[in-house]
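A.B. asks: Read in order, the letters of the sequence shown correspond to residues 392 to 763 in the working numbering.
Ideal Cβ placement from N, Cα and C applies to all residues, glycine included.
If you scroll down you'll find the structure; I have some questions about it.
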Amino acid sequence: MKYFIVTYGCQMNVHESEKIAAILENMGYQLAFSRNDADIIVFNTCAIREGAEDRVLGNVGNLKKLKKKNKDLIIAVCGCMTQKEQTAQNLLRKFPFVDIVIGTFNIPNLKHYIEAVKNGRQFELYNEGSLDESLPYKRSDKDNAWVNIMQGCNNFCTYCIVPYVRGREKSRKEENILKEIKEIISEGKFKKITLLGQNVNSYGKDLEKPVSFAKLLHDICKIEGDFKLSFMTSHPKDLTDDVIYAVRDEEKIEKYIHLPAQSGNNRILNLMNRRYTREKYLSIIEKIRKEIPNCRITSDFIVGFPSETKEEFNDTCDLVSKVKFDSIFAFMYSPREGTVASKMDNQIDDKVKNERVNKLLAIEKKLQKEAK
Ligand code: 5AD
Ligand code: SF4
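Here's what the structure looks like:
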């Protein structure tokens, strides 16, 4: 029996697919070369932008032929996209040959759903579940081990679907994180550990005995062994000085911070509910550059947020030119159903969004050339 996993979206999903792989291997499945020779295909989906969802729909639709050839093929779709009940139901209606549709919280129960399908249930649709820390991972990267430190997000940036599909922030206990990392290091296979969370800087605030993210970083660095430590993603409003000092002082921490700015204009940042200003963002960058001169800094930007004017977009261009990031990701704003921004007046034309994203990327490219 063979399995094939198709993963969309962020590192969090890549890491969750490592959990799915471990569940399937524990059930006796082995990794297939391609989807054509698999007995079970799992799609781990992303909902961050419409494009990500369209790709999933196209690829799931294409499996109809495979299912015709092999009636015993099991097809499962899970992750952020199918955490939305409406989307999950639409998917089942459109593609009745899909056997299992589950959300982000149900992955630990995947074995149960597969067994139900084998016993003749056509599909299962569950949207509730709980996180299970005891399940192992089948780590897929040669050098880097992902370690999840928290789930969910409390920020509700007005464009973002994440708080709706991943729930509220829930930090893992520090002792469990340290235990997992000690095990990874003692195995001796990985040179790098990357901590994952939607907003790592607010790690530990929700724990019974609160622990700061900076303390977690220092405690991990005390673990003996030759390894590098990295983390993502940081939110500018929560990136405290003690985290900057930890990156500066701890030899094991990579000199790298991913710090999404999203926009360089204060009115847009406010509409996005980012809770920092352009000036505050620039002052954090200044602080990082002063304390850690060799620190790589990268960022994310959204262009064409509802009502963004040409001048406001130019503020973003100006910020990118000023900061001279090591690299940036630039996205066209994509309305996500259920978010505040999707209901805002004055949605921007796709053509304009496209022009703006190209302009921003051209500026970035020019800066990269000049830096060489
Ligand atoms: N439209 C476009 N980009 C988005 N992002 C998040 N939500 C949206 C959306 N609705 C971007 C942000 C975030 C990155 C992971 O994806 O820039 O930092
Ligand atoms: Fe989305 Fe904002 Fe949370 Fe990041 S911080 S996951 S952009 S709501």
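Going by alpha carbons, who is nearest to L448 out of K410, F696, H626 and V489?
C.D. replies: For the purposes of this step, residue 448 is taken as the residue at position 57 of the sequence shown. Per the Cα distances, V489.
A.B. asks: Collect the residues with a C-beta less than 6 Å away from any heavy atom of the ligand NAP and give them in sequence order along the chain.
C.D. replies: Among the ligands in the structure shown, the ligand NAP does not appear; only the ligand 5AD and the ligand SF4 can be found there.
A.B. asks: Indicate the three-state DSSP secondary structure (helix, strand or coil) for L620 in the structure shown.
C.D. replies: Position 229 of the sequence shown, counted from the first residue, corresponds to residue 620. Three-state DSSP puts L620 in a strand.
A.B. asks: Buried or exposed: which applies to S425, given that a residue is buried once 16 or more other Cβ atoms fall within 10 Å of its Cβ?
C.D. replies: Counted from its first residue, the sequence shown places residue 425 at position 34. Label assigned to S425: exposed.
A.B. asks: Between the alpha carbons of A605 and K455, how many angstroms are there, rounded?
C.D. replies: What you label residue 605 is simply residue 214 of the sequence shown in a count that begins at 1. What you label residue 455 is simply residue 64 of the sequence shown in a count that begins at 1. Cα-Cα distance, rounded: 49 Å.
A.B. asks: Is D445 near the ligand 5AD - that is, is its Cβ less than 6 Å away from at least one heavy atom of it?
C.D. replies: Within the sequence shown, numbered from 1, the residue matching residue 445 stands at position 54. Checking every heavy atom of the ligand 5AD against the Cβ of D445, none is found closer than 6 Å.
A.B. asks: Is the Cβ-Cβ distance between S690 and I719 less than 7 Å?
C.D. replies: In the sequence shown, counting from the first residue as 1, residue 690 sits at position 299. In the sequence shown, counting from the first residue as 1, residue 719 sits at position 328. Contact flag set, yes.
A.B. asks: Please state whether DSSP places Q653 in a helix, a strand or coil.
C.D. replies: Within the sequence shown, residue 653 is the residue found at index 262, counting from 1. Three-state result, Q653: strand.
A.B. asks: Cβ atoms of I584 and L764: under 7 Å apart, would you say?
C.D. replies: Because the chain here runs from 392 to 763, residue 764 falls outside it and cannot be looked at.
A.B. asks: Determine the DSSP secondary structure at R426, reduced to helix, strand or coil.
C.D. replies: Within the sequence shown, numbered from 1, the residue matching residue 426 stands at position 35. Correct three-state label for R426: helix.
A.B. asks: Within the continuous alpha helix (DSSP H) that includes I505, where are the two ends?
C.D. replies: In the sequence shown, residue 505 corresponds to position 114, counting from 1. From DSSP, the alpha helix (DSSP H) with I505 extends over L501 to K509.
A.B. asks: Closest to I648 by C-alpha separation, out of M723, C686, F692 and T668, would be which residue?
C.D. replies: Here residue 648 is taken as the residue at index 257 of the sequence shown, counted from 1. Per the Cα distances, C686.
A.B. asks: With C-beta atoms as the reference, is I396 less than 7 Å away from I411?
C.D. replies: As a working note, residue 396 is residue 5 in the sequence shown. As a working note, residue 411 is residue 20 in the sequence shown. Yes, they are a contact pair.
A.B. asks: Please check the pair I635 and E682, which I expect to be a contact at CB under 8 Å, by giving their CB distance rounded to whole angstroms.
C.D. replies: In the sequence shown, the residue the question calls residue 635 occupies position 244. In the sequence shown, the residue the question calls residue 682 occupies position 291. I635 to E682, Cβ: 5 Å. Contact.
A.B. asks: Taking a contact to mean a Cβ-Cβ separation below 7 Å, would you say I576 touches I614 in this structure?
C.D. replies: For this step, residue 576 is matched to residue 185 along the sequence shown. For this step, residue 614 is matched to residue 223 along the sequence shown. Cβ distance < 7 Å, so I576 and I614 count as in contact.
A.B. asks: CA-CA distance, D632 and N590?
C.D. replies: Here the question's residue 632 lines up with position 241 in the sequence shown. Here the question's residue 590 lines up with position 199 in the sequence shown. Computed Cα separation, rounded: 16 Å.
A.B. asks: If you run the structure through DSSP and keep just helix, strand and coil, what is I739?
C.D. replies: By one-based count along the sequence shown, residue 739 stands at place 348. Three-state DSSP puts I739 in coil, outside helix and strand.
A.B. asks: For the ligand 5AD, any of its heavy atoms closer than 6 Å to the Cβ of P651?
C.D. replies: Translated into positions along the sequence shown, residue 651 becomes position 260. Yes, the beta carbon of P651 sits closer than 6 Å to at least one heavy atom of the ligand 5AD.
A.B. asks: Residues in its own chain within less than 6 Å of N417 by CB, not counting five upstream and five downstream?
C.D. replies: Here residue 417 refers to the residue found at position 26 when the sequence shown is read from its first residue. None.
A.B. asks: Taking the DSSP output, what are the residues bridged to G470?
C.D. replies: Against the sequence shown, residue 470 aligns to sequence position 79. The partner list for G470 (beta bridge, DSSP) reads T436.
A.B. asks: Does the beta-carbon of H663 have 16 or more other beta-carbons within 10 angstroms, so that it is buried, or is it exposed?
C.D. replies: As a working note, residue 663 is residue 272 in the sequence shown. The amino acid at residue 663 is misidentified as His; the sequence shows Met. Answer is buried; the Cβ neighbour count reaches 16.
A.B. asks: Suppose contacts are defined by Cβ-Cβ distances below 7 Å. Is A429 in contact with K393 by that definition?
C.D. replies: Mapped onto the sequence shown, residue 429 falls at position 38. Mapped onto the sequence shown, residue 393 falls at position 2. Closer than 7 Å, so yes.
A.B. asks: Measure the alpha-carbon distance for P684 versus D640 and round it to whole angstroms.
C.D. replies: Position 293 of the sequence shown, counted from the start, is the residue given in the question as residue 684. Position 249 of the sequence shown, counted from the start, is the residue given in the question as residue 640. If you take the alpha carbons of P684 and D640, they lie about 12 Å apart.
A.B. asks: Any heavy atom of the ligand 5AD closer than 6 Å to the Cβ of Y724?
C.D. replies: By one-based count along the sequence shown, residue 724 stands at place 333. Taking the Cβ of Y724 as the reference point, at least one heavy atom of the ligand 5AD falls within a distance shorter than 6 Å.
A.B. asks: Just to confirm, are K561 and G543 a CB contact at a threshold of 7 Å?
C.D. replies: Position 170 of the sequence shown holds residue 561. Position 152 of the sequence shown holds residue 543. In contact: K561 and G543 (Cβ atoms closer than 7 Å).
A.B. asks: Which residues in the same chain have their Cβ closer than 6 Å to the Cβ of E409, if we skip the five residues on either side of it in sequence?
C.D. replies: Reading the sequence shown from its first residue, position 18 is the one you call residue 409. Taken in chain order, the residues that qualify are Y528, K529, R530 and S531.
A.B. asks: Could you check the C-alpha separation between D463 and G579 for me, to the nearest Å?
C.D. replies: If you number the sequence shown from 1, residue 463 lands on position 72. If you number the sequence shown from 1, residue 579 lands on position 188. Straight-line Cα distance between these residues: approximately 40 Å.
A.B. asks: For the beta strand (DSSP E) holding K583, just list the boundary residues, first then last.
C.D. replies: Counting from 1 along the sequence shown, the entry for residue 583 is found at position 192. From DSSP, the beta strand (DSSP E) with K583 extends over K583 to L587.
A.B. asks: Looking only at its chain, what residues have a beta carbon closer than 8 Å to the beta carbon of K573, apart from the 5 residues adjacent to it on each side?
C.D. replies: In the sequence shown, counting from the first residue as 1, residue 573 sits at position 182. Closer than 8 Å at Cβ, skipping near neighbours: I614.
A.B. asks: Let me know the alpha helix (DSSP H) ranges lying completely inside the region 517-584, each 4 residues or longer, listed in chain order.
C.D. replies: 553-557 and 565-578
A.B. asks: Strictly by DSSP, which residues pair up with K393?
C.D. replies: What you label residue 393 is simply residue 2 of the sequence shown in a count that begins at 1. Paired residues: Q421.
A.B. asks: Taking the alpha helix (DSSP H) that F604 falls in, what are its first and last residues?
C.D. replies: Counting from one through the sequence shown, the residue named residue 604 turns up at place 213. Note, F604: alpha helix (DSSP H), F604 to C612.
A.B. asks: Just to check, is the beta-carbon of R639 closer than 6 Å to a non-hydrogen atom of the ligand 5AD?
C.D. replies: Taking the sequence shown and counting its residues from 1, one reaches residue 639 at position 248. The answer is no for R639.
A.B. asks: Along the chain, which unbroken stretches of the beta strand (DSSP E) at least 3 residues long are found entirely within the region 694-744?
C.D. replies: 718-723
A.B. asks: Could you tell me which of E506, C548 and I498 sits nearest to E524, measuring between CA atoms?
C.D. replies: Here residue 524 refers to the residue found at position 133 of the sequence shown. That would be I498, whose Cα lies nearest to the Cα of E524.
A.B. asks: Consult DSSP for R512 and reduce its assignment to one of helix, strand or coil.
C.D. replies: Looking up residue 512 in the sequence shown gives position 121. Three-state DSSP puts R512 in coil, outside helix and strand.
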